[in-house]
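Right, one structure below, let's go through it.
The structure is reproduced here in structure tokens:
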């Protein structure tokens, strides 16, 4: 349990041992953002539901006719049967309107000339091209065919897919009023330490304001979790044990920051071992070495998962983004591949001659250039220096023992709350 894990080993273990919550909730469309589907949803209606026009213009019958008589007008939303077009006939038509039977193409209104004569139906003909010749008309031109996008009965959205605004719009377009989702993950967030004060309150000598808890609460809400503020835990074992045990009764996961190092006032690890099980403590990374995880068993075999982050703000941010959040995303329903931190490759725009024995995560900004992304670290890289992280766009991974030269390709993890 005391062996220091490498980051990638720890991430793989967390992704494998944390699985989606059982059951499903029927969630109205207005509250679906960031929720995860519990099962596959299928297409109910063909899309398009009928052959319709992709343009404002004229539906014609007979693509090679020299001209066409306009015999009807069809607007979007018009119901009822239209006249069948015969060769040499046309219908004035608008985008989304049903195409009449017999139509072989739709001509854009900009491409036709319309002639009006008293006592006779209007007549249209194609405008000559720039070379004076008649443009060719393709069969089915500008006609959207029924079911060419989606066919009833086919899969619409996959199980364990996160619902983006576009996916929610797709459900609405199919007439769904609600969707079956993995239960919303309930997360309680604590900070630990007598030195912490609530923002807005006067500071006593030796105190600092609690930044980690507010950072994590807002980050979790942005990602669609049901969040409870557990407050600040004192540096005493009994109240810490009681708070963890009580939170575990209603939470699916607990996040704590601070109190997981080796100091005499660090009680979180001990509290967890008395009310639950500590699975692993400490990683071979910088920052974030004291990161810890475990669980607290509940009735019916349910486990409340516990993640303990270091107290230094940047260490807390890095271990949350790179380790705790992927595990939470798994619990919330995402497959392993989607729960992993999003990564890309970028070239170093800096030199770093000092080789660290631990895997390190630098706070960086991304620059898009002709040959791809380049990364530049921010000036404040200390684990207590949240000011640098506040302006960072990503974390750059520096493998153990690596000396960085300009142009060297690095793995970069965009910060989840920025992208």
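Numbering (the numbering used here), first residue to last: -11 to 407.
Backbone N, C-alpha and C fix where the C-beta goes; we use that ideal spot for every residue, glycine too.
Take residue i and list the residues in its own chain whose beta-carbon comes closer than 6 angstroms to its own, dropping the five residues that flank it on each side.
i	result
residue 407	Confidence in residue 407 is poor, its pLDDT being 45 and thus under 50, which makes the residue's placement unreliable; the coordinate value appears in the next sentence. Nothing listed; no residue qualifies.
residue 315	2 and 6
residue -10	Legend: pLDDT at residue -10 = 48, less than 50; position of this residue unreliable, value from coordinates given subsequently. None.
residue 72	89 and 90
residue 82	44, 63 and 64
residue 158	none
residue 185	191, 195 and 197
residue 133	39
residue 130	42, 43 and 94
Counting only the same chain and skipping the five closest in sequence on each side, list residues whose C-beta sits under 7 angstroms from that of residue i.
i	result
residue 182	222 and 223
residue 53	75 and 76
residue 272	-8, -7, -6, 346 and 347
residue 378	none
residue 367	376
residue 373	302
residue 380	351, 352, 353, 366 and 403
residue 227	221
residue 390	343
Helix, strand or coil for residue i per DSSP?
i	result
residue 333	strand
residue 19	helix
residue -10	Reliability of the predicted coordinates at residue -10 is poor, the pLDDT of 48 falling under 50, and the value obtained from them is presented with this limitation in mind. Looking at residue -10 - three-state DSSP - the assignment turns out to be coil, as it is neither helix nor strand.
residue 300	coil
residue 98	helix
residue -5	helix
residue 308	helix
residue 159	helix
residue 328	coil
residue 263	helix
residue 82	coil
residue 290	coil
residue 151	coil
residue 377	helix
residue 145	strand
residue 407	Confidence in residue 407 is poor, its pLDDT being 45 and thus under 50, which makes the residue's placement unreliable; the coordinate value appears in the next sentence. Coil, per DSSP.
residue 383	strand
residue 0	helix
residue 366	coil
residue 5	helix
residue 322	coil
residue 191	coil
Taking 8 angstroms as the CB-CB cut-off, is residue i touching chain C?
i	result
residue 207	Any reference to chain C falls outside this structure, which holds one protein chain only.
If you follow the alpha helix (DSSP H) that residue i is in, where does it begin and where does it stop?
i	result
residue 349	Residue 349 -> not in any alpha helix (DSSP H); beta strand (DSSP E) instead, spanning 347 to 357.
residue 237	225 to 238
Using C-beta distances below 8 angstroms, list every residue in its chain close to residue i, excluding the 5 sequence neighbours before and after it, in chain order.
i	result
residue 9	170, 171, 173, 240, 319, 320 and 321
residue 359	335
residue 263	229, 232, 233, 236 and 284
residue 110	57, 58, 102, 103 and 104
residue 400	331, 332, 333, 334, 352, 354, 361, 363, 382, 383, 384 and 385
residue 395	335 and 336
residue 128	92 and 93
residue 97	43, 44, 45 and 46
residue 146	25 and 28
If you follow the beta strand (DSSP E) that residue i is in, where does it begin and where does it stop?
i	result
residue 371	Unbroken run through residue 371: none, as it is neither H nor E.
residue 400	397 to 402
residue 275	Neither: residue 275 is in no beta strand (DSSP E) and is coded neither H nor E.
residue 208	Careful: residue 208 lies outside any beta strand (DSSP E), inside the alpha helix (DSSP H) at 200 to 210.
residue 387	From DSSP, residue 387 is part of no beta strand (DSSP E); its letter is neither H nor E.
residue 317	Segment 313 to 319 is the alpha helix (DSSP H) holding residue 317; no beta strand (DSSP E) there.
residue 179	174 to 180
residue 27	Where residue 27 is concerned, there is no enclosing beta strand (DSSP E), given that its DSSP letter is neither H nor E.
residue 214	214 to 221
residue 245	241 to 245
residue 171	It is not in any beta strand (DSSP E) - residue 171 carries neither H nor E in the DSSP assignment.
residue 108	108 to 114
Quiz prompt | Cβ contact (3+ pairs, closer than 8 angstroms) linking the segment 47 to 63 and the segment 71 to 91 | solution = yes
Quiz prompt | Start-end ranges of the beta strand (DSSP E) lying completely within the segment 39 to 75, minimum 3 residues | solution = 45 to 48 and 56 to 62
Quiz item: How about the segment 36 to 47 and the segment 196 to 206: do they share at least three Cβ pairs that are nearer than 8 angstroms?
Solution: no
Quiz item: Touching or not, the segment 127 to 139 and the segment 20 to 39, by the rule of three or more beta carbon pairs under 8 angstroms?
Solution: Judged by Cβ distances under 8 angstroms, the segment 127 to 139 makes contact with the segment 20 to 39, as three or more pairs qualify.
Exercise. Kindly confirm or deny that the segment 337 to 346 and the segment 266 to 280 touch, where touching means at least three C-beta pairs closer than 8 angstroms.
Key: yes
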